[in-house]
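What follows is a set of notes on a single structure, which appears directly below.
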Amino acid sequence: MSTAAIDLRSDTVTRPDDEMRRAMAEAEVGDDVYGEDPTVRRLEEEAAAAAGMEAALFVPSGTMGNQIALHLHGRPGGEVICEALCHVVKHEIGAMAALSGLLPLPLSSPWGLLDPAAVEAAIAPDVSYHSRTVLIEVENSHNMAGGTVYDRPRLEAILAVGRRHGLPVHLDGARIFNAALALGTTVPALTAGFDSVMYCLSKGLGAPVGSLLCGRRDFVTEARRVRKMLGGGMRQAGVLAAAGLVALRKGPARLPADHENAGRLARALAEIPGIELDLATVRTNIVIFRLGPELCAGSSATFLARLEEAGVLGGPVSHDQVRLVTHRDVERAQIDQAIEKIQGLVRVAA
Ligand code: TLP
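If you count the sequence shown from 1, you need to add 900 to reach my numbering.
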């Protein structure tokens, strides 16, 4: 990979900026397993408030945050109703089964958005020969559906299903700040009513490491124990939390540029023959498109290899789908360069 490559593989690739590095160098720290790291405590308080939740736990990754939540809400043999392409099913290496004995019940849904009626219909009957439904899981924005977003009425309807059936509802809000921006609303307006919420500082907000698992205070107390059980108890983690605080305070204001860049990129790509892209799905910082057979024989691996040679990095979603993600380390001028390079590549590869 050349150092000058335009890296659109993910918004996780951002590097900490000068302000974050200074904050890390100056961070006041203590042993967080003893609850003595003042910077981690400050981050957890601010992060809970930003999400409109009672309490928050700093965790090393979004995956760990989700898995702690699933572990606490579920019980072995239980079913988790979720969308078919969601992160906990597709990208957490079977952790819900391996670590907590849970079974996903994945529902394929247009634009990756669960239909409340389909969720209700998927709840297991209360009979002795059927596994129990233990949890409903929602991902907002939905990464592998192209960064699509659930608006409040749809969330409200899913939360109502949970309440009617006495089921907890977990939100994978890795990119909840992007979702709030796309919907012109606030993060607390999207998290209200969820039993637990995970969100990441290490994606669009730009921190090098870290996510938060939020919920009621007693839930977070239990989550602290499970985090330790999974090996996620960190000691002088204030150096990471300090960067996280900068990301939380300053990151959201930077996101509109990422969304504009994604829209710009998507509109240009949608014009290219051989690229199938539904512009209606592009609401946030993620652009996913399908390759027609006329372009690189419809192979995402071939397309991405050629793209890399041209100096642009992207990622595969499936054998014929590609994902490009905008973020704070890619400016508009580089998006325009990426568009030109893709147009050039298509001329050669078509
Ligand atoms: N997503 C990563 C990859 O794992 C796919 C990415 O590049 O987008 N929930 C959602 C919705 C996510 O997109 C991710 C990461 C996670 C959870 C997990 O976060 P980390 O990577 O911190 O474990």
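Just so it is clear, CB atoms sit at the ideal spot from N, CA and C, and this is done for glycine as well.
Under the three-pair Cβ rule at 8 angstroms, the region 1125-1144 does not count as touching the region 1082-1098.
Between the beta-carbon of Val-959 and that of Leu-1113 there is about 6 angstroms, and that keeps the pair under the 8 angstroms contact cut. The region 1138-1191 contains, as complete alpha helix (DSSP H) runs of 4+ residues, the segments 1138-1170 (chain order). Counting only runs of 3 or more residues that sit fully inside the region 985-1010, the beta strand (DSSP E) segments are 1003-1007, in chain order. Less than 8 angstroms divides the Cβ of Pro-1088 from the Cβ of Ala-951. Contact between the region 1071-1089 and the region 1040-1055 is present: 3 or more CB-CB pairs across the two stretches fall below 8 angstroms. Excluding five sequence positions before and after Met-920, the CB atoms of its chain that fall closer than 8 angstroms to its own CB belong to Gly-1106, Ala-1107, Pro-1108, Ala-1142, Ala-1143, Val-1146 and Ala-1147, given in chain order. Excluding residues up to 5 positions away in sequence, Glu-992 lie with their Cβ nearer than 6 angstroms to the Cβ of Thr-963 in the same chain.
Relative to the ligand TLP, even the nearest heavy atom lies 7 angstroms or more away from the CB of Glu-983. Less than 8 angstroms separates the beta-carbon of Asn-1043 from that of Ile-1186.
When the Cα atoms are used, Arg-1124 and Ala-904 turn out to be separated by approximately 41 angstroms. Rounded to the nearest whole angstrom, the C-alpha separation of Cys-982 and Ala-998 is 17 angstroms. The region 1025-1038 makes contact with the region 1054-1070: 3 or more CB pairs, one atom from each, lie closer than 8 angstroms. Collapsing the DSSP output to three states places Glu-936 in coil.
Val-1069 is bridged by DSSP to Ile-1036.
In the DSSP assignment, Asp-917 forms no beta bridge with any residue. In this structure Arg-1183 is not in contact with Ala-1018, their Cβ atoms being roughly 21 angstroms apart against a cut-off of 8 angstroms. Annotation for Trp-1011: Ala-1045, Thr-1048 and Thr-1181 place their beta carbon closer than 7 angstroms to its own, counting only its chain and skipping 5 residues before and after. Within the chosen limit of 7 angstroms, the ligand TLP does not reach the beta carbon of His-973 with any heavy atom.
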